[in-house]
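In the numbering used here, the protein residues as written are 266 to 403.
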């Protein structure tokens with residue numbers, strides 16, 4: 266599964282931060298293999314259309330990946346890989362900005378995940394209370 270979390274990387278748990286960094290690399294491999302514009306959802310979504318939604322937003326993904334790397338380094342994680350446009354159709358290299366509804370969708374999903382395993386998540390390497398983690402999403 267690939268998920269782009271949209272919210273500031275500084276507000277992500279360590280697990281969400283590292284997973285998004287890795288999953289974005291998988292997303293780029295998918296885009297390189299499937300560069301057509303057909304089937305791209307108009308609106309941000311989770312589930313089946315999530316990967317396709319980002320196919321024509323490579324400019325956004327590159328910037329986001331750099332933000333993720335910066336935050337990972339602050340937390341002591343190795344972040345050495347970079348997303349390049351090489352081999353990507355220029356029609357797919359666009360920027361994008363999430364709207365408030367998009368942010369609410371992903372925040373709801375992250376809250377659900379935290380509530381399922383509140384003791385599993387860490388923030389800057391430390392276990393934090395469920396309340397602390399949920400407050401990050403406010």
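For glycine and all other residues, C-beta sits at the position ideal for the given N, C-alpha and C.
Note that the structure is a prediction, hence the values are computed from the model and not measured.
What's the gap between the Cα of residue i and the Cα of residue j?
i, j, result
"residue 290", "residue 393", "28 Å"
"residue 334", "residue 344", "5 Å"
"residue 270", "residue 311", "10 Å"
"residue 376", "residue 273", "15 Å"
"residue 287", "residue 366", "25 Å"
"residue 354", "residue 307", "19 Å"
"residue 275", "residue 356", "30 Å"
"residue 400", "residue 350", "36 Å"
"residue 284", "residue 364", "23 Å"
According to DSSP, which residues form a beta bridge with residue i?
i, result
"residue 388", "391"
Return the Cβ separation of residue i and residue j in integer angstroms, given the expectation that the two are a contact with Cβ distance under 8 Å.
i, j, result
"residue 390", "residue 341", "7 Å"
"residue 268", "residue 315", "7 Å"
"residue 336", "residue 282", "6 Å"
"residue 319", "residue 277", "Going by Cβ atoms, the distance from residue 319 to residue 277 rounds to 17 Å, so no, they are not a contact pair."
"residue 402", "residue 372", "5 Å"
"residue 370", "residue 295", "Actually they do not touch by this definition, with Cβ atoms about 21 Å apart."
Tell me which same chain residues have a C-beta within less than 6 Å of the C-beta of residue i, skipping the five on either side of it?
i, result
"residue 322", "359, 361"
"residue 348", "293, 327, 330"
"residue 332", "274"
"residue 395", "383"
Among residues of its own chain, excluding the 5 on either side of residue i, which ones have a beta-carbon nearer than 7 Å to its beta-carbon?
i, result
"residue 304", "317"
"residue 346", "290"
"residue 374", "311"
Given residue i, which residues of its chain have a CB within under 8 Å of its CB, disregarding the five upstream and five downstream residues?
i, result
"residue 279", "340, 342, 386, 387, 388, 389, 390"
"residue 368", "271, 272"
"residue 324", "358, 359, 360, 361"
Are the stretch 360-374 and the stretch 285-302 in contact at 8 Å, needing three or more beta carbon pairs?
no
Between the stretch 376-389 and the stretch 328-335, are three or more C-beta pairs nearer than 8 Å?
no
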